[in-house]
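The structure under discussion appears below in the form of structure tokens.
Number of protein chains: 2
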Amino acid sequence: MHSQSHPDKAIEPSTPYHHGDLRAALIKAAEAELTDKGVEGFSLRGCAKRAGVSHAAPAHHFGDTRGLLTALAAEGFRRFVATQYETMTEAEPHPQAQLAASGLGYVRFALARPALFRLIFSSDRPNFDNEELCNAAEAAYGLLVENVTATCGAPATIDDIAAVWSTAHGLADLLSAGRLKDVLAMPEAERDAMILRIVIRALSPA
Amino acid sequence: MHSQSHPDKAIEPSTPYHHGDLRAALIKAAEAELTDKGVEGFSLRGCAKRAGVSHAAPAHHFGDTRGLLTALAAEGFRRFVATQYETMTEAEPHPQAQLAASGLGYVRFALARPALFRLIFSSDRPNFDNEELCNAAEAAYGLLVENVTATCGAPATIDDIAAVWSTAHGLADLLSAGRLKDVLAMPEAERDAMILRIVIRALSPA
DNA sequence: AAAATTATCTTGACGATGTAAAGATAGTGC
DNA sequence: GCACTATCTTTACATCGTCAAGATAATTTT
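Chains A and B, in that order, give the protein sequences. Position one of the first sequence corresponds to residue -17 (the numbering used here), numbered consecutively onward. Position one of the second sequence corresponds to residue -17 (the numbering used here), numbered consecutively onward.
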């Protein structure tokens, strides 16, 4: 049966043995799986099924589940940074407004992709020693330091960095986890304004 | 073999059929399992093994894995609040100092029991509709609101609550996840002072 | 005290999962 | 055309959560 050349191959490659770009397809499938099942319900076999491939196919590209989640986490960090940049574009070009906007982007990402946010910030499943993931995470940290430094003038103090990061991260984590329900219930414009206020607050000298 | 009365029963109840207080023993075992394996590696059979009991024994007391993790999360919230109260005891009785101390306790709990912290704040595995867990979580929220209100005078604004909670939570989450390494590397006294400063900062009017 | 009932725990089974090993298929270089 | 490598499938196994049935102990009832 399989020794014959595919009869319908010319018409339509129904299920070709070689996928073409399975690696990318698996990352896409993994994101869908993560969104559906959450970090704790994530299944490697589920990803394979979504990609229309045998359950052991992912191993060749990612090694194991951790490998796939590591690649997905790196992609997650890149999108995380991208969301912050997009939000900064909407704000005025003053350093303080840019910093506040990056905080707003931080929260927006967490609300738009809660599972991905949890994967990159509250999970042990990805391998954070991985170089690609490391680089992606450090790029996010770099953006933060850059914004704080630009706002404060001199090289950012550790107090300032910790205060700003913690405030933005806390807001993002609590909101995306469904806590702070009073804030979640606010109209978006009002909520955004409040987030900007709170991030700015983190910078004011005590 | 089992129809006979246990020969060594009088000397030492080696493995009595009935445990005595298996429910409590399982929660204790669950905490050990959680600390060892993390939220994502947590295994119900592993808990049973730790408690020296068959793999299906937990079902009778907790229904399923989620039931056990729900009970553990409730216990976690109670300890979380207790840690905050303990830390408040060490501080001066002024409202602001008390508020800052509760934030420090928040962080201390996250650093002392990272897995438990993650279970109660960054996991979908416990059932947060459960009454016992709900009550324990609301007690924690109540303490926060109480402290903010006492410090600000009038009933706390949503801005104040969100700012303080987010700051403390962000610090706790980032530090217990091993981020903010510069802060983790600081001597404890210095780090504590910094945490107090940052929490106070969250209250200063913009 | 004896019997019946209930609570507690064990055993055995099933499907789902992650991973390893071996085989099948397709593309690549010579 | 042929060897070689990359890619994917199939098979197998250990572990996990959960269910059902049975065994054992405690409690209640009579």
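C-beta atoms are modelled at their ideal positions from N, C-alpha and C, and glycine is treated no differently.
Mapping DSSP to helix, strand and coil, what is residue 167 of chain A? Note: residue 167 of chain A maps to coil in three-state DSSP.
Simplified DSSP assignment, three categories, for residue 110 of chain A: DSSP, read as helix, strand or coil, puts residue 110 of chain A in coil.
Checking contacts by CB at 8 Å: is residue 63 of chain A closer than that to chain B? Not a single C-beta of chain B is nearer than 8 Å to the C-beta of residue 63 of chain A.
When you compare the CB of residue 17 of chain A with every CB in chain B, is at least one pair closer than 8 Å? Not one chain B Cβ lies under 8 Å of residue 17 of chain A.
Is residue 153 of chain A close to chain B? Criterion is C-beta to C-beta, closer than 8 Å. For residue 153 of chain A, the answer is yes, since a Cβ of chain B falls inside 8 Å of its Cβ.
If the cut is a Cβ gap below 8 Å, which residues of chain B does residue 176 of chain A touch? Under the 8 Å cutoff, chain B gives 140, 141, 144.
Ordered along the chain, which non-local residues of its own chain (more than five positions away) have a Cβ less than 8 Å from that of residue 59 of chain A? Within the same chain, residue 59 of chain A has close Cβ partners 102, 115, 118, 119, 121, 122.
Is it true that the CB of residue 4 of chain A sits closer than 8 Å to the CB of residue 38 of chain A? Between residue 38 of chain A and residue 4 of chain A, the CB-CB gap reaches or exceeds 8 Å.
Please state whether the Cβ-Cβ distance between residue 156 of chain A and residue 108 of chain A is less than 8 Å. The criterion of a C-beta distance shorter than 8 Å is not satisfied by residue 156 of chain A and residue 108 of chain A.
When DSSP labels each residue in this structure, what does residue -11 of chain A get in the three-state scheme? Confidence at residue -11 of chain A is low in this model, with a pLDDT of 34, below 50, so its placement is unreliable and the value that follows should be read with caution. Looking at residue -11 of chain A - three-state DSSP - the assignment turns out to be coil, as it is neither helix nor strand.
Residues of chain A with CB under 8 Å from residue 159 of chain B, in chain order? Within chain A, 103, 104 have C-beta atoms less than 8 Å from the C-beta of residue 159 of chain B, given in sequence order.
Only counting the same chain, and skipping five residues up and downstream in sequence, which positions put a Cβ closer than 7 Å to that of residue 100 of chain A? Taken in chain order, the residues that qualify are 21.
Note the first and the last residue of the continuous alpha helix (DSSP H) segment covering residue 95 of chain B. No alpha helix (DSSP H) contains residue 95 of chain B, which DSSP labels as neither H nor E.
Determine the extent of the alpha helix (DSSP H) in which residue 46 of chain B is found, giving its start and end residues. Counting along the chain, no alpha helix (DSSP H) covers residue 46 of chain B, and no H or E run does either.
Residue 76 of chain B classed as buried or exposed, judged by whether at least 16 other C-beta atoms fall within 10 angstroms: Answer is exposed; the Cβ neighbour count stays below 16.
Assign residue 185 of chain A to one of two classes, buried (16 or more other C-beta atoms within 10 Å of its C-beta) or exposed (fewer than that). Here residue 185 of chain A is buried, its C-beta having at least 16 other C-beta atoms within 10 Å.
Same chain, Cβ closer than 8 Å to residue 27 of chain A, neighbours up to 5 away in sequence not counted: If the five residues before and after residue 27 of chain A are omitted, its C-beta is found closer than 8 Å to the C-beta atoms of 37, all from its own chain and listed in chain order.
Grab me the residues of residue 48 of chain A's own chain with a C-beta within less than 8 Å of its C-beta, minus the 5 sequence neighbours each way, in chain order. The residues are 107, 108, 109.
Give me, in chain order, the residues of the same chain whose beta-carbon lies closer than 7 Å to that of residue 93 of chain B; leave out the 5 immediate sequence neighbours on both sides. Contacts found: 157, 158.
To the nearest angstrom, how far is it from the Cα of residue 144 of chain B to the Cα of residue 43 of chain A? Those two C-alpha atoms are separated by around 43 Å.
Does chain B have any CB closer than 8 Å to the CB of residue -14 of chain A? Its pLDDT being 33, under 50, residue -14 of chain A is placed unreliably in this model, and the coordinates cannot settle the point.
Supposed contact pair residue 78 of chain B and residue 139 of chain B - C-beta distance, whole angstroms, cut 8 Å: Actually they are not in contact, since the Cβ atoms of residue 139 of chain B and residue 78 of chain B sit about 16 Å apart, beyond 8 Å.
Chain B within 8 Å of residue 164 of chain A, Cβ atoms only: Residue contact check for residue 164 of chain A against chain B: a CB pair falls below 8 Å.
Whose C-beta lies closer than 7 Å to the C-beta of residue 174 of chain A among residues of the same chain, with five residues either side of it excluded? Excluding sequence neighbours, residue 174 of chain A sits near 86.
Could you pull out every residue in the same chain whose Cβ sits closer than 7 Å to the Cβ of residue 32 of chain A, ignoring the five residues on either side in sequence? Around residue 32 of chain A: 11, 14, 15.
Classification of residue 142 of chain A by the beta-carbon crowding that lies within 10 angstroms, buried from 16 upward: Taking all protein chains shown into account, residue 142 of chain A has 16 or more neighbouring C-beta atoms within 10 Å of its C-beta and is therefore buried.
If we ignore side chains and look at the alpha-carbon of each, how far apart do residue 113 of chain B and residue 97 of chain B end up? C-alpha of residue 113 of chain B to C-alpha of residue 97 of chain B: approximately 22 Å in a straight line.
Neighbour list for residue 149 of chain B in chain A, Cβ cutoff strictly below 8 Å: Under the 8 Å cutoff, chain A gives 145, 148, 149, 152, 184.
Through-space distance from residue 129 of chain A to residue 80 of chain A, alpha-carbon basis: C-alpha separation (whole angstroms): 7 Å.
Minimum C-alpha distance to residue 84 of chain A - residue among A:153, A:135, A:8: Nearest of A:153, A:135, A:8 to residue 84 of chain A, Cα basis: A:153.
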